[in-house]
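Participant:
Right under this line is the structure:
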């Protein structure tokens, strides 16, 4: 759905989540109801991109993989900051929305004479796709938090497609320099980072009601 077709109780999400876009582009952004509650707000996404750029060995020329692309909140921000971006989305419907949104923002960036990377959209399960990507500098995950009830948990256990996040982190870390995660403040980090001791948290930044975590990957930086 777009702003025009969205129900009244969700319409505010377009201006809230996509503040960096002009009104015309905002109105054409496509989201489903799940995306309106899970996509990263554009200014926070840009902060995350900036945090990645501050990592040793990460530059404009780095390859960034968004393993949970959804409709493009972080993918689009990465495309503004880096030269090569891959977005992985399991749902064909959301992948269509993702491609639409990428094209919208690319057109806006072109009008403003600003950089926007070519984005490769892959429809598939990250558990299977991520291990095939062997040349990424950063692989990013934004796992589902379990709906509004996550706030009531002492420690939020996170998974993706029913698989513990530790499995995704371990697989991704073998093929990249860094693994980045967007997590709730009550995420059970011990479960996620309970992987070989060669992995370590190199960055943790609190952002509003969430935290941005970066782990050192197994593959050495360029």
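Residue numbers (full-length UniProt numbering): 1 to 222. All C-beta atoms, glycine included, are put in the ideal place defined by N, C-alpha and C.
1. Which value, in whole angstroms, describes the spacing of the CA atoms of residue 221 and residue 169?
2. Provide the residue(s) that pair with residue 192 in DSSP beta bridges, ordered along the chain.
3. Could you tell me which of 134, 6, 103 and 77 sits nearest to residue 218, measuring between CA atoms?
4. Please determine, among 66, 163 and 46, the residue with the shortest C-alpha to C-alpha distance to residue 98.
5. Quick check on residue 94: buried or exposed, where buried means 16 or more other Cβ atoms within 10 Å of its Cβ?
6. At which residues does the alpha helix (DSSP H) containing residue 30 begin and terminate?
7. Suppose the cutoff is 6 Å on Cβ atoms and the five residues either side in sequence are ignored; what does the same chain contact list for residue 173 look like?
8. Taking only runs that begin and end inside the stretch 107-159, name each unbroken alpha helix (DSSP H) of 4 or more residues, in chain order.
9. Would you tell me roughly how many angstroms separate the C-alpha atoms of residue 54 and residue 14, rounded to the nearest one?
10. For residue 78, which residues of its own chain have a beta-carbon under 7 Å away from its beta-carbon, when the five flanking residues on both sides are left out?
11. What does the Cβ neighbour count give for residue 185, buried or exposed, with the cut at 16 atoms within 10 Å?
Facilitator: Let me lay it out:
1. With a pLDDT of only 47 at residue 221, under the threshold of 50, the placement of this residue in the model should not be trusted; the figure read from the coordinates follows. One C-alpha to the other measures close to 17 Å.
2. The partner list for residue 192 (beta bridge, DSSP) is empty, contrary to what the question assumes.
3. 134
4. 66
5. Buried is the label assigned to residue 94, since at least 16 other Cβ atoms lie within 10 Å of its Cβ.
6. DSSP places residue 30 in no alpha helix (DSSP H); its state is neither H nor E.
7. These residues qualify, in order along the chain: 179, 199, 217 and 218.
8. 126-129
9. 29 Å
10. 49, 64, 66 and 85, listed in sequence order.
11. exposed
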